[in-house]
Amino acid sequence: MTTESTNGGLRVGVFVCDCGSNIAGVVDCAAVAEYAKTLPDVVCVVRNRYTCAEPGQNEIRQAIRQHHLNRVVVASCTPRQHEPTFRQCVLEAGLNPYLMEMANLREHCSWVHQADRAAATAKAMDLVASAVGKARLLQPQEEMSVQVTRTALVIGGGVTGIEAALELAESGHKVVLVEKQPSIGGIMAQLDKTYPTMDCSI
Amino acid sequence: MGNFTVTIRKKARYVDPGLCNACAECAKVCPVVTPDEYQMGLSSRRAIYIPFPQAVPSSYVLDMEHCLGNNPVACGKCAEACEKKAISFDDRDQIVTREVGTVVVAIGAEVYDPTEMDDYGYTRFENVITSMEFERLICAGGPTEGHFVRPSDQRQPKRIGFVQCVGSRNPRMGRPWCSNICCMNTVKDTLLLADHYPDTRSVVFYQDIRAFGKSFEDMFQRSKEAGVRYVRGLPGEIHEDPRTHHLIVTVENTTSGKLERHELDMVVLSVGLQPPADLRKISSLLTLSKTSDGFFMEAHPKLRPVDAPTRGVYFAGMCESPKDIKDSVCQAGAAASRAGALLNAGKVTIEAITSRIDEAACTSCGVCVRVCPFGAIQWTKGTPAVVVEAMCAGCGSCAAQCKPGAITMRHFTDEQIVAQVRATLAQRPEEKVFVFACNWCSYAGADMAGISRMQYPASNRVVRTMCSARVSEEMVLEAFRCGAPVVLVSGCHYADCHYINANRQTVKRVQSMWAKLEKAGVRPERLQLEWISAAEGQKFAKVMRQLDELRRTVTPEEIERSRKAFKPKVRRAAAEAATAAPVPGTAT
Ligand SMILES: Cc1cc2nc3c(=O)[nH]c(=O)nc-3n(C[C@H](O)[C@H](O)[C@H](O)COP(=O)(O)OP(=O)(O)OC[C@H]3O[C@@H](n4cnc5c(N)ncnc54)[C@H](O)[C@@H]3O)c2cc1C
Ligand code: SF4
Numbered sequence: 000m001t002t003e004s005t006n007g008g009l010r011v012g013v014f015v016c017d018c019g020s021n022i023a024g025v026v027d028c029a030a031v032a033e034y035a036k037t038l039p040d041v042v043c044v045v046r047n048r049y050t051c052a053e054p055g056q057n058e059i060r061q062a063i064r065q066h067h068l069n070r071v072v073v074a075s076c077t078p079r080q081h082e083p084t085f086r087q088c089v090l091e092a093g094l095n096p097y098l099m100e101m102a103n104l105r106e107h108c109s110w111v112h113q114a115d116r117a118a119a120t121a122k123a124m125d126l127v128a129s130a131v132g133k134a135r136l137l138q139p140q141e142e143m144s145v146q147v148t149r150t151a152l153v154i155g156g157g158v159t160g161i162e163a164a165l166e167l168a169e170s171g172h173k174v175v176l177v178e179k180q181p182s183i184g185g186i187m188a189q190l191d192k193t194y195p196t197m198d199c200s201i
Numbered sequence: 000m001g002n003f004t005v006t007i008r009k010k011a012r013y014v015d016p017g018l019c020n021a022c023a024e025c026a027k028v029c030p031v032v033t034p035d036e037y038q039m040g041l042s043s044r045r046a047i048y049i050p051f052p053q054a055v056p057s058s059y060v061l062d063m064e065h066c067l068g069n070n071p072v073a074c075g076k077c078a079e080a081c082e083k084k085a086i087s088f089d090d091r092d093q094i095v096t097r098e099v100g101t102v103v104v105a106i107g108a109e110v111y112d113p114t115e116m117d118d119y120g121y122t123r124f125e126n127v128i129t130s131m132e133f134e135r136l137i138c139a140g141g142p143t144e145g146h147f148v149r150p151s152d153q154r155q156p157k158r159i160g161f162v163q164c165v166g167s168r169n170p171r172m173g174r175p176w177c178s179n180i181c182c183m184n185t186v187k188d189t190l191l192l193a194d195h196y197p198d199t200r201s202v203v204f205y206q207d208i209r210a211f212g213k214s215f216e217d218m219f220q221r222s223k224e225a226g227v228r229y230v231r232g233l234p235g236e237i238h239e240d241p242r243t244h245h246l247i248v249t250v251e252n253t254t255s256g257k258l259e260r261h262e263l264d265m266v267v268l269s270v271g272l273q274p275p276a277d278l279r280k281i282s283s284l285l286t287l288s289k290t291s292d293g294f295f296m297e298a299h300p301k302l303r304p305v306d307a308p309t310r311g312v313y314f315a316g317m318c319e320s321p322k323d324i325k326d327s328v329c330q331a332g333a334a335a336s337r338a339g340a341l342l343n344a345g346k347v348t349i350e351a352i353t354s355r356i357d358e359a360a361c362t363s364c365g366v367c368v369r370v371c372p373f374g375a376i377q378w379t380k381g382t383p384a385v386v387v388e389a390m391c392a393g394c395g396s397c398a399a400q401c402k403p404g405a406i407t408m409r410h411f412t413d414e415q416i417v418a419q420v421r422a423t424l425a426q427r428p429e430e431k432v433f434v435f436a437c438n439w440c441s442y443a444g445a446d447m448a449g450i451s452r453m454q455y456p457a458s459n460r461v462v463r464t465m466c467s468a469r470v471s472e473e474m475v476l477e478a479f480r481c482g483a484p485v486v487l488v489s490g491c492h493y494a495d496c497h498y499i500n501a502n503r504q505t506v507k508r509v510q511s512m513w514a515k516l517e518k519a520g521v522r523p524e525r526l527q528l529e530w531i532s533a534a535e536g537q538k539f540a541k542v543m544r545q546l547d548e549l550r551r552t553v554t555p556e557e558i559e560r561s562r563k564a565f566k567p568k569v570r571r572a573a574a575e576a577a578t579a580a581p582v583p584g585t586a587t
């Protein structure tokens, strides 16, 4: 797949996570790591036991410094869970957080192909190749920051909404509470005694 | 994010709560009598009323639907009786707007109405009531002032049956969830009866008793010690003796395996809870999702239990799932603290995935303006379009639709996605199903399949975009050029799109591509479109199985044909050459 020309400026690091046995129990992570070394512009491949744990993150930060990495691929779990973690991690090593890309070897691979090690490993390799492919074209990005209006809206004036509104107000925030019925109280206002304390509801 | 403009309809009360001192003179003269909702219709109220004595605001309110009005049927008796002159028939709904930085959704749940479960005779037999009606009948503030009597003869019932799981844990009715509170509520009710009326005998028909919370087991044991009988098994039908209005319950006791017949004075249906009526409306206003049971879905079931997927929105209480007061209060605190942290921070950053328009390349056609669901693109004919970044949510509809390729989605560029397609299909593409999945629903649905360890064939390769509307024709064609036998575009269900209605563009685009494939002699079903929600792990797995079957039917000749049928755009090649020289990162 290395038909595209490699470019001297790009230095991609790939971090393959075992996630204990969550990934490594199904996917041959050693083979995936070996394969990653063959991908264009990849200059460093590291296997981690748990990439998200502090030792794993340290390895990323160290490798960035040591190998002057300017793109990072973390092949671990779903970005919906850990993208913020790894963005922060590369930022701490001086890299723009948008120069990190993830490959989802756990939710999308090891956990759903438990009976087929070979096919899962082949798929994991493709997912890493895909992430490296994207990572090579990533650009640093600046996030825009916006002011937060210092008022909270609470929709629903049952016991939940009342509690939330009071607590926000107690910590000094302005709160707008919206209730669609003529009175607040919700279902609880209709109850007599309530379990487990058997005391009155209102 | 961080700034919401809320439009609130402040409903007319026709009574000024600042003036009303709840003296009740108005209700005394009101000639209208209508069922009292607070008392579950077990007693009546007037058209001008206070919902309940402890209501907040502590003020009467006029129910215009039932009021005779003071014009043309000049009634207006209440206004005459009101010394404070608090009543005004000219009151109107007001629209007010507020700027807020965060939203806590706490719209609760709806109590199940057992009318449809006719076998229990709720509408036919007076002495079959719901647990909600029980609350009013046993309450000192209720219609009978706490004298627990049965509706048919106003006499105190001695033999009371409770039927559990009414409208809950019933997959056949499409209501598979446990309503969480009804077991303990029944245990509570039996203890109240044993306390107030030691001569009553209660029997509870159940599937399992769920007494898992702190001190719940203790209550359950006390109920049993008080003589309450627990019979494992739900009755199929309830009959009434028309003469005595006693109820006959036949039930298979699944512990003993015997059929039991119970004659009871009264039956309480322990009704469950269902998603709130306004869930859909609030969902579409705030782009929230729901789980398969229809309640709101959290950003993460364990780690972010009160965060909505939309940043700056939190939920708490029963709208997330049925729960008791303690759990509701806990969640309320959690949501308040999450919302408070955001307010304290005072500033938020917006993920840098927004759209950018290259002025030089823009031909000023105006297509992007039409497809942007957020109205984030400003344009006047003849000048290049401009994106208002603070309004752009990053769906990418515009970029996918921009013919001259003038739009770049930061962090999800065409080149990046095409590079993923190529890298993924570099080897043995014929064995792969190529999947574009939207971040919010389908990608999350695949995550859900993983979390639930649902097994499916390993032939698929997923690439994530923020929205299915980001997937351009070129991206799909590139997958075919690379030799993919089957391509899937997947996104949120039609009404659940996280970008208002961006996935309508997806539909249009896929439909036009089907025509294009057909014309090129490529089987249109090789391009698939599926809606898979974040909760539908099972559906994701099923679709993957089906598409694996489908890709096996695609012949090498067909693949060869689709490899060659679609000429790559020259522009794309040029654009890629331009980005091939990378801007190195900012590593120190
Ligand atoms: C029969 C029964 C008995 C129970 N007994 C007990 C008990 O003994 N002990 C116990 O701990 N729990 C008990 N519960 C559970 C208890 O009622 C709930 O925990 C509690 O009501 C949850 O409060 P909530 O605010 O989340 O929802 P709700 O009480 O449903 O309140 C929601 C509020 O939001 C409002 N709302 C809805 N839509 C909108 C909208 N679009 N805009 C503005 N406002 C809106 C509603 O009008 C309502 O006021 C019982 C429940 C039932 C049904
Ligand atoms: S709490 Fe008890 S009665 Fe309610 S649905 Fe669950 S099991 Fe059935």
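Top to bottom, those sequences are chains Y and H.
Reminder that position 195 of the first sequence reads as 194 in numbering that gives the first Met the number 0, one-by-one numbering, no gaps.
Reminder that position 93 of the second sequence reads as 92 in numbering that gives the first Met the number 0, one-by-one numbering, no gaps.
A virtual CB, placed ideally from N, CA and C, is assigned to each residue, including glycine.
Boundaries (first-last residue) of the beta strand (DSSP E) holding residue i
| i | result |
| --- | --- |
| residue 4/H | 3-9 |
| residue 527/H | 526-530 |
| residue 453/H | Premise fails: residue 453/H is in no beta strand (DSSP E) and is neither H nor E. |
| residue 546/H | That residue, residue 546/H, is in no beta strand (DSSP E); its alpha helix (DSSP H) goes 536-552. |
| residue 201/H | 200-205 |
CA nearest to the CA of residue i, picked from the options
| i | options | result |
| --- | --- | --- |
| residue 463/H | 456/H, 394/H, 404/H and 455/H | 394/H |
| residue 205/Y | 53/Y, 76/Y, 192/Y and 168/Y | A query on residue 205/Y cannot be resolved here, the shown segment of chain Y reaching from 0 to 201 and no further. |
| residue 335/H | 154/Y, 26/Y, 195/Y and 180/Y | 154/Y |
| residue 143/Y | 361/H, 76/H, 149/H and 352/H | 352/H |
| residue 212/H | 348/H, 387/H and 184/H | 184/H |
| residue 230/H | 241/H, 236/H, 240/H and 207/H | 207/H |
| residue 167/H | 209/H, 158/H, 244/H and 193/H | 209/H |
| residue 10/H | 184/Y, 177/Y and 185/Y | 177/Y |
C-alpha gap between residue i and residue j, whole angstroms
| i | j | result |
| --- | --- | --- |
| residue 83/Y | residue 450/H | 19 Å |
| residue 81/H | residue 25/H | 6 Å |
| residue 143/H | residue 133/H | 11 Å |
| residue 305/H | residue 119/H | 37 Å |
| residue 475/H | residue 372/H | 23 Å |
| residue 255/H | residue 127/H | 26 Å |
| residue 267/H | residue 63/H | 34 Å |
| residue 162/Y | residue 294/H | 20 Å |
| residue 361/H | residue 377/H | 13 Å |
| residue 199/Y | residue 54/Y | 53 Å |
| residue 57/H | residue 17/H | 9 Å |
| residue 252/H | residue 222/H | 19 Å |
CB contact below 9 Å: residue i versus chain Y
| i | result |
| --- | --- |
| residue 20/H | no |
| residue 98/H | yes |
| residue 537/H | no |
| residue 51/H | yes |
Opening and closing residue of the alpha helix (DSSP H) in which residue i lies
| i | result |
| --- | --- |
| residue 28/H | 24-28 |
| residue 64/H | From DSSP, residue 64/H is part of no alpha helix (DSSP H); its letter is neither H nor E. |
| residue 56/Y | 53-66 |
| residue 19/H | Segment: none, residue 19/H is in no alpha helix (DSSP H) and carries neither H nor E. |
| residue 111/Y | Segment: none, residue 111/Y is in no alpha helix (DSSP H) and carries neither H nor E. |
| residue 137/H | 130-137 |
| residue 126/Y | 116-134 |
CB contact below 9 Å: residue i versus chain A
| i | result |
| --- | --- |
| residue 103/Y | Going by chain labels, chain A is absent from the structure shown, which instead holds the protein chains Y and H. |
CB contact check: residue i to chain H, cutoff 9 Å
| i | result |
| --- | --- |
| residue 148/Y | yes |
| residue 45/Y | no |
| residue 32/Y | no |
| residue 49/Y | no |
| residue 166/Y | yes |
| residue 205/Y | As displayed, chain Y neither begins before 0 nor continues past 201, which places residue 205/Y out of reach and without an answer. |
| residue 28/Y | no |
- Message: Ignoring anything shorter than 4 residues, give me the alpha helix (DSSP H) runs that lie fully in the region 238-295 of chain H, in order along the chain.
- Response: Runs found: 278-285.
- Message: In chain order, what are the residue ranges of uninterrupted alpha helix (DSSP H) at least 4 long that sit wholly in the region 114-189 of chain H?
- Response: As far as the region 114-189 of chain H is concerned, its whole alpha helix (DSSP H) runs of at least 4 residues are 130-137.
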